[in-house]
Amino acid sequence: MNSATRQRIVMTALEMFYVKGYNSTSIADILSRSQVHSGSLYHFFPGKQDLLVAVLEFYRDGIKENLLDVAWGEVTDPIEKIFALLNGYRTGLVMSDFQHGCPIGNLALEISEPDPRIRELLDVNFSNWIEAIVACLDEARDRLPPDTDTRALGEFVLTIMEGAIMQARTAKDIGVFDRNVAVLRDHINLLLEKAKEPS
Numbered sequence: 021m022n023s024a025t026r027q028r029i030v031m032t033a034l035e036m037f038y039v040k041g042y043n044s045t046s047i048a049d050i051l052s053r054s055q056v057h058s059g060s061l062y063h064f065f066p067g068k069q070d071l072l073v074a075v076l077e078f079y080r081d082g083i084k085e086n087l088l089d090v091a092w093g094e095v096t097d098p099i100e101k102i103f104a105l106l107n108g109y110r111t112g113l114v115m116s117d118f119q120h121g122c123p124i125g126n127l128a129l130e131i132s133e134p135d136p137r138i139r140e141l142l143d144v145n146f147s148n149w150i151e152a153i154v155a156c157l158d159e160a161r162d163r164l165p166p167d168t169d170t171r172a173l174g175e176f177v178l179t180i181m182e183g184a185i186m187q188a189r190t191a192k193d194i195g196v197f198d199r200n201v202a203v204l205r206d207h208i209n210l211l212l213e214k215a216k217e218p219s
């Protein structure tokens, strides 16, 4: 059994979990789409949860290459990197007619009582996303008030993103997403202005 077959199974599952959801995707769906035999799939993944673990590990290991580098492109300003990342989710919502969102957020909402491996991987994926935002904020630290808690602000950015996606998908209205991001922009702009005030 070669690694290319395993990778094909993982990428097929990733796509189907993203579009259809974990619970609505069957092993038969994955076998049909990936065009592999059941023996090959079960060789690598004894159960569906094992496949979900592999998908979450792919997201964990690929955040820079598959998400951050794509979103940031030529963007160099650390504050604008945050909004470029959010804009990537906006584009996904519009281009998919609100079918796509945040794959980790989708899974976290869908899987109410994950086993410890899955809960830990969901948490690590959220933490990695937050750390990417915190790194941007730390890079811009000299433009922010000295008492800014960049970790808390990074968590707030994630909360805005996840909530805005959920509301926009439910309403099928990108304006909901845009308004949430605009409020975040205003909040960060206020921090930037506050930092310029004489102490």
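For what it's worth, the numbering used here labels the leading residue of the sequence shown as 21, then goes sequentially.
A virtual CB, placed ideally from N, CA and C, is assigned to each residue, including glycine.
Asked: Residue 172: first and last residue of the uninterrupted alpha helix (DSSP H) it sits in; Found: 170-191
Asked: With 16 other Cβ atoms within 10 Å as the buried cut-off, status of residue 23; Found: exposed
Asked: Beta-carbon gap between residue 188 and residue 176 smaller than 9 Å; Found: no
Asked: The region 28-48 in contact with the region 72-86 per 3-pair CB rule at 8 Å; Found: yes
Asked: Residues of its chain near residue 163, where Cβ-Cβ distance is below 7 Å and the 5 sequence neighbours each way are ignored; Found: 212 and 215
Asked: Outcome for residue 48 when other beta-carbon atoms lying within 10 angstroms are tallied against a minimum of 16; Found: exposed
Asked: Three-pair Cβ contact test at 8 Å for the region 142-161 versus the region 96-104; Found: yes
Asked: When 129, 89, 179 and 59 are compared against residue 147, the one with the closest alpha-carbon; Found: 179
Asked: Sequence-distant residues of its chain with Cβ nearer than 7 Å to residue 53 (five each side left out); Found: 32 and 36
Asked: Cα-Cα separation, residue 193 to residue 25; Found: 39 Å
Asked: Stretch-stretch touch, CB-based, cutoff 8 Å, three pairs: the region 87-94 with the region 129-136; Found: no
Asked: Under 9 Å between C-beta atoms of residue 145 and residue 124; Found: yes
Asked: Whole-angstrom distance between residue 114 and residue 158, CA atom to CA atom; Found: 31 Å
Asked: Top-ranked residue by Cα proximity to residue 110, from 202, 209, 219 and 185; Found: 185
Asked: Residue 210 classed as buried or exposed, judged by whether at least 16 other C-beta atoms fall within 10 angstroms; Found: exposed
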